[in-house]
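Encoded as structure tokens, the structure appears first; notes follow it.
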Amino acid sequence: MVIGNRAVAAPTSDLRDSRSLLMSSAKRPMSPYMLGPYYKFQITSVLSILNRLTGVFISLVTAPLLLCWLITLAAGDAAFAILNTWLGSGLGKLVIAASVFSYSFHLFCGIRHLIWDAGWMMEMQQVNLSGWLAVVSSVVLSLIILGAAL
Amino acid sequence: MNTQTPLARVDGLASPGGGMRHWRAQRYTALVLLLLSVWILWLGVSLTGADYVTARAAMSTPFNAAMTIFLAATMFYHTQLGLQVVIEDYVHIAVMESVLLLMVRLGCIGAFLITAIAVLKLLSGA
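Protein chains in written order, with the numbering used here: chain A, 26 to 175; chain B, 308 to 433.
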């Protein structure tokens with residue numbers, strides 16, 4: 026590839042070389058993990074991780090719970106009563122509360138992502154603001170739902 | 308929508324496979340779930356702690372039955388896409404990654420089928 030009158034390596038082959046170099050070397054120094062004592066607190070990374078965690082929680086706990094509710098409802102009175110009793114217990118209520126919070130949080134974080142995907146609110150100040158807005162909104166929505174349901 | 312520049316495409320930069328499709332599917336399902344959330348949260352609040360007869364009557368209406376199947380299809384598709392990304396990011400043993408990805412796919416398809424069968428059973432009153 027020629028830029029001006031200098032010959033330079035094409036970007037693709039450059040990239041491939043650096044990649045194969047990275048893979049061939051066994052141990053290279055790594056930058057410290059984004060959470061922990063190395064960096065100052067950033068709401069962006071914390072919310073990003075929480076968005077994933079709540080997504081995984083909904084997948085592994087909330088969705089199967091809703092599925093169990095529907096199955097027992099279809100199965101009959103006795104099965105439904107067993108699940109309902111468990112849902113009324115301390116652990117059941119805790120799982121419901123965690124599910125409601127996870128769902129609300131993932132919902133507002135998702136809205137935030139869709140706004141970014143449209144190309145809006147990309148300045149750091151706006152990103153921080155929308156982050157706190159998502160946190161406050163999800164707590165408020167959770168409290169409203171739990172207040173109405175439990 | 309194609310977000311690759313023509314140069315990036317000939318250079319083979321950006322997603323080599325179905326990445327763009329995955330990305331778009333995740334957003335579309337998210338948008339639909341956003342709308343369906345209004346319904347599921349309302350239904351969830353009204354049916355929490357409900358007795359068997361009430362819950363069964365509510366879930367046996369054609370509207371709620373249709374919405375449940377629609378929600379399950381969208382939600383388990385979104386679940387599959389999301390868990391896939393998490394697995395691809397954190398599981399680096401090739402065999403385990405493939406097995407987990409397959410399990411997630413089968414699990415989500417199975418969860419949708421179970422939902423659909425349960426809803427149809429409720430709808431038929433059996």
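For each residue, glycine too, the CB sits at the ideal point set by N, CA and C. Predicted, not measured: the structure shown is a model, and the values here were computed from it.
Would you say residue i lies against chain B (beta-carbon separation less than 8 Å)?
i        : result
Ala99/A  : yes
Gly115/A : no
Met26/A  : Its pLDDT being 48, under 50, Met26/A is placed unreliably by the model, and nothing is read from it.
Gly61/A  : no
Ser155/A : no
Leu168/A : no
Ser162/A : no
Phe105/A : yes
Ile96/A  : yes
Ala174/A : yes
Leu158/A : no
Is residue i helix, strand or coil by DSSP?
i        : result
Leu343/B : helix
Ala357/B : coil
Gly312/B : Note that residue 312/B is Thr in the sequence shown here, rather than Gly. In the structure shown, Thr312/B sits in coil (DSSP, three-state: anything other than H, G, I, E or B).
Thr97/A  : helix
Leu413/B : helix
Ala143/A : coil
Thr368/B : coil
Ile421/B : helix
Gly432/B : coil
Leu114/A : Leu is not the amino acid found at residue 114/A; the sequence shown has Ser there. Coil, per DSSP.
Glu148/A : coil
His131/A : helix
Val398/B : coil
Gly436/B : As displayed, chain B neither begins before 308 nor continues past 433, which places residue 436/B out of reach and without an answer.
Gly172/A : helix
Gly351/B : helix
At 9 Å on the CB atoms, spell out the chain B contacts of residue i, in chain order.
i        : result
Phe133/A : Those do not exist, as Phe133/A stays about 10 Å from chain B at its closest Cβ, beyond 9 Å.
Leu92/A  : Ala379, Ala418, Ile421, Thr422 and Ala425
What whole-angstrom Cβ distance do residue i and residue j have, given they're in contact under 8 Å?
i        : j        : result
Leu348/B : Ile170/A : 6 Å
Ala337/B : Gly144/A : About 16 Å separates the two Cβ atoms, so there is no contact after all.
Val426/B : Thr375/B : 5 Å
Leu354/B : Ala362/B : 5 Å
Ser344/B : Gly432/B : Their Cβ separation, rounded to whole angstroms, is 29 Å, which puts Ser344/B and Gly432/B out of contact at 8 Å.
Val398/B : Glu404/B : 4 Å
Ala434/B : Leu92/A  : In the structure as shown, chain B starts at 308 and stops at 433, and residue 434/B therefore has no counterpart that could be examined.
Trp157/A : Ile74/A  : No, Trp157/A and Ile74/A are not in contact; Cβ-Cβ is about 16 Å, not under 8 Å.
Output, in chain order, the set of chain A residues within a Cβ distance shorter than 7 Å of residue i.
i        : result
Ser344/B : Leu132
Consider the Cβ of residue i: report whether some Cβ of chain A lies at a distance smaller than 8 Å.
i        : result
Leu388/B : no
Thr422/B : yes
Val398/B : no
Val406/B : no
Leu350/B : no
Ala372/B : no
Leu409/B : no
Met366/B : yes
Arg363/B : yes
Thr312/B : no
Leu413/B : no
Arg334/B : yes
What in chain A is Cβ-close to residue i, meaning under 8 Å?
i        : result
Val393/B : Arg77, Gly80 and Val81
Ala337/B : Gly135, His138 and Leu139
Met382/B : Ala88
Under 8 Å between beta-carbons, which chain B residues line up against residue i? List them in chain order, please.
i       : result
Ser84/A : Thr386, Gly389 and Leu390
Length at least 4, wholly inside the stretch 49-89 of chain A: the alpha helix (DSSP H) runs in chain order
68-82
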